[in-house]
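When we follow the UniProt record's numbering, the leftmost residue of the sequence shown carries the number 1, and every step to the right adds one.
A virtual CB, placed ideally from N, CA and C, is assigned to each residue, including glycine.
Note sheet for the following structure.
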Amino acid sequence: MEMTKLHGLVVLNLSGNQIIGQIQENISSLRQLASLDLSSKAFWCHIPSSMGSMLFLSYLYFSNNNLSGMVPYKGQMTTFTESAFEGNLHFCGAPLLLLYQNGNSDNTTILENDSSDEFLDNGFM
């Protein structure tokens, strides 16, 4: 059974398991989900932007994965702190104050955490 069909699911903790792969784009169909812990896994993708629409989500932990790209900092995702995303070396953007590397360590920019983050909200990278 596909997990995103469990519409009444409230808590999902798969931390520390040997699950590898990507986070499904349709994870936001879990409308009742209040707690999601996918830490210490081998996820190697981005976080779907649709997760901002998960209104009941109050606990989120994606630390220590191989996530990349920018945090989809909109909607419900703006309520989580840096600790929810730490340990993902190729992940950046608010709320993270992380180094963003453009291909090599000599071309590094520090992204400032700005609460009026139109730059990120508009999806411009």
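Among the options, the one whose alpha carbon lies nearest that of residue i
i   : options       : result
L3  : N17, Q24, I20 : Note on identity: in this sequence residue 3 is Met, with Leu being the wrong assignment. For the residues N17, Q24, I20, the minimum Cα distance to M3 belongs to Q24.
Q76 : H46, L57, C45 : L57
H90 : V10, N64, L9  : N64
S28 : L14, V10, T81 : V10
A42 : G52, L14, L36 : L14
G52 : T78, L36, S35 : T78
Residue i and residue j closer than 7 Å at C-beta
i   : j   : result
S40 : G16 : yes
F62 : L30 : no
N26 : W44 : no
Straight-line gap, residue i to residue j (C-alpha atoms, nearest Å)
i    : j   : result
N102 : C92 : Reliability of the predicted coordinates at N102 is poor, the pLDDT of 48 falling under 50, and no value is obtained from them.
G87  : S68 : 11 Å
M54  : L12 : 14 Å
L33  : Q18 : 22 Å
Y59  : H46 : 18 Å
F85  : M70 : 11 Å
H7   : S50 : 16 Å
S83  : K5  : 29 Å
DSSP beta-bridge partners of residue i
i   : result
I20 : A42
Y59 : S35
S68 : H90
L12 : L36
Assumed close pair residue i, residue j - CB separation to whole angstroms, cut-off 8 Å
i   : j   : result
P48 : Y73 : That pair is no contact at about 13 Å.
Neighbour flag for residue i against chain C, beta carbons, 7 Å
i  : result
H7 : Structure shown: chain C not included; a single protein chain is present.
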